[in-house]
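What follows is a single structure, written as structure tokens, with notes after it.
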Amino acid sequence: LDGMEITQFTYFQQCGGIDCRPVPIEITYGLERLAMYLQEVEAFTKIQWNDQISYGDVHLQGEVEQCTYNFESSNPDLLFTLFGLYEQEAEQLSTRGLVMPTLDYVLKCSHTFNLLDARGVISVTERTRYIGRIRNLARRVAQLYLEQREMLGFPLNKQTIA
Numbered sequence: 020l021d022g023m024e025i026t027q028f029t030y031f032q033q034c035g036g037i038d039c040r041p042v043p044i045e046i047t048y049g050l051e052r053l054a055m056y057l058q059e060v061e062a063f064t065k066i067q068w069n070d071q072i073s074y075g076d077v078h079l080q081g082e083v084e085q086c087t088y089n090f091e092s093s094n095p096d097l098l099f100t101l102f103g104l105y106e107q108e109a110e111q112l113s114t115r116g117l118v119m120p121t122l123d124y125v126l127k128c129s130h131t132f133n134l135l136d137a138r139g140v141i142s143v144t145e146r147t148r149y150i151g152r153i154r155n156l157a158r159r160v161a162q163l164y165l166e167q168r169e170m171l172g173f174p175l176n177k178q179t180i181a
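Each residue of the sequence shown is one higher than the one before, counting from 20 in the numbering used here.
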């Protein structure tokens, strides 16, 4: 919109290493960017929440605190330990066929990796290895989900997709 990216389309050809048929599309909108354009302001903190309160009044302090934690205050040693524990829990949950709890722990692994990456404590080689570990967990949970849905007769899919 007027030179500002506000919408993104993502085509999911695969999910967890499994081909998607048909290919689903995700549309994401930058609501803050739309509001900035409509209110003619240059910073998200200047968006008016209502007549008396700005977006910055509501969210700026939390944003500052999260950034401080992510880039300066998080404990890398603890995060490495948590990643290992979350990975271990995801693996044991997957062996029990508990799809949603497994997914929760895969997401915890991903988030913890992102925190470690933000702190700059993961080397290029380690980064590749960590991404591979998360990808393997994601593939496992995707396969489990597909098997579970098939076992249930794909209850949300009332039509057969060829």
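C-beta atoms are modelled at their ideal positions from N, C-alpha and C, and glycine is treated no differently.
Of the candidates R52, D136, A161, D136 places its Cα closest to the Cα of S93.
Inter-residue distance for Y56 and K177 is about 42 Å (C-alpha atoms, whole angstroms). The way I'd put it, the segment 122-133 does touch the segment 152-169; three or more beta-carbon pairs between them come closer than 8 Å.
By the 16-neighbour rule on beta-carbons within 10 angstroms, C128 is buried. In this structure, the alpha-carbon of L20 lies about 39 Å from that of R148. Counting of Cβ neighbours within 10 angstroms places A62 among the exposed residues, the total staying below 16. Going by C-alpha positions, A109 is about 18 Å away from L97.
Around the beta carbon of F90, a 10 Å sphere encloses fewer than 16 other beta carbons of the protein chains shown; the residue is thus reported as exposed. In the structure shown, I46 adopts extended strand secondary structure according to DSSP, grouped into three states.
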